[in-house]
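K.L.:
First, the structure itself, so that you have it in front of you.
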């Protein structure tokens with residue numbers, strides 16, 4: 001601040017760089033004469049500090065980021081501070097703009113984003129972006145992790161040709177979040193359905209490996225495998241059709 005007096009006129013000059021926190025505050029210039037008690041002159045200016053949006057993304061307050069499962073509803077809140085007011089706001093999933101799509105259960109409402117009945121495809125990084133006359137700002141990213149029960153890596157029935165007495169290793173590979181903690185197997189032929197003993201298979205990460213040897217005609221049929229994690233049991237099993245070698249033709 002500098003003061004200058006010339007011919008009974010005093011000029012005071014204040015230089016400062018306002019911050020966003022100064023927007024809406026007031027600056028007052030007040031002149032007093034120490035020889036005249038109780039008299040003063042003053043002028044007040046209200047600051048109008050313009051700046052690009054300040055954007056913060058938050059997960060809905062009722063949600064726990066470590067406990068979101070397939071089928072849950074999820075919502076985000078985009079908090080924006082800006083002067084002038086933001087005129088456009090949009091959402092991004094892994095850097096791609098999200099459109100309002102009720103069919104896909106993606107609902108944009110003012111500064112909120114609602115994802116209804118999320119699936120594993122909903123996982124990823126989310127952010128929001130706001131634009132005003134001063135510029136555009138993209139918020140922080142929030143990672144959405146959707147936990148889901150095991151699913152087969154392949155949704156087709158796998159045909160396995162084997163001779164009688166041939167030792168087979170059948171690989172049941174699933175994808176899941178978190179990884180599967182256990183598996184179970186069943187065997188079905190035209191006559192009966194049997195549980196496969198746990199001593200005949202073991203787990204290696206997200207894969208269960210079954211040792212199987214067909215001996216008689218009754219040992220040819222369908223093997224089914226289910227994985228299970230903390231979300232639940234696999235809904236549709238992985239299936240392997242065991243057929244007698246020589247009768248199997250790969251079309």
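Numbering (full-length UniProt numbering), first residue to last: 1 to 251. Where is the CB? At the ideal position from N, CA and C, for every residue including glycine.
1) Could you give the DSSP three-state label for residue 9: helix, strand or coil?
2) Looking at the structure shown, is residue 200 part of a helix, part of a strand, or coil, going by DSSP?
3) Among residues of its own chain, excluding the 5 on either side of residue 39, which ones have a beta-carbon nearer than 8 angstroms to its beta-carbon?
4) Using beta-carbon positions only, say whether residue 132 and residue 91 come within less than 9 angstroms of one another.
5) Excluding the 5 residues flanking residue 19 on each side, which residues of the same chain have their C-beta closer than 8 angstroms to its C-beta?
6) Label residue 225 either buried or exposed according to how many other C-beta atoms from any shown protein chain fall within 10 Å of its C-beta, with 16 as the threshold for buried.
7) For my contact list, residue 79 and residue 58 are in at a C-beta cut-off of 8 angstroms; report their separation, rounded to the angstrom.
8) Measuring alpha carbon to alpha carbon, tell me which residue in 152, 75, 188 is nearest residue 118.
9) With a threshold of 16 other CB atoms inside 10 Å of the CB of residue 185, please say whether the residue is buried or exposed.
10) Look at residue 222 and residue 239 and say whether their C-beta atoms are less than 9 angstroms apart.
11) Per DSSP, what kind of secondary structure is residue 120 in: helix, strand or coil?
P.N.:
For this structure:
1) Strand at residue 9.
2) Of the three classes helix, strand and coil, the one that applies to residue 200 here is helix, per DSSP.
3) Same-chain partners within the cutoff: 32, 33.
4) Not in contact: residue 132 and residue 91 (Cβ atoms no closer than 9 angstroms).
5) If you ignore the 5 residues before and after residue 19, its C-beta comes within less than 8 angstroms of the C-beta of 49, all in its own chain and listed in chain order.
6) Residue 225 is buried by the Cβ-count criterion.
7) 7 angstroms between Cβ atoms; contact.
8) Of 152, 75, 188, the residue nearest in Cα terms is 75.
9) By the Cβ-count criterion, residue 185 is buried, with 16 or more other Cβ atoms from all chains shown falling within 10 Å of its own Cβ.
10) Taking the C-beta atoms as reference points, residue 239 is found nearer than 9 angstroms to residue 222.
11) Reduced to three states, the DSSP call for residue 120 is helix.
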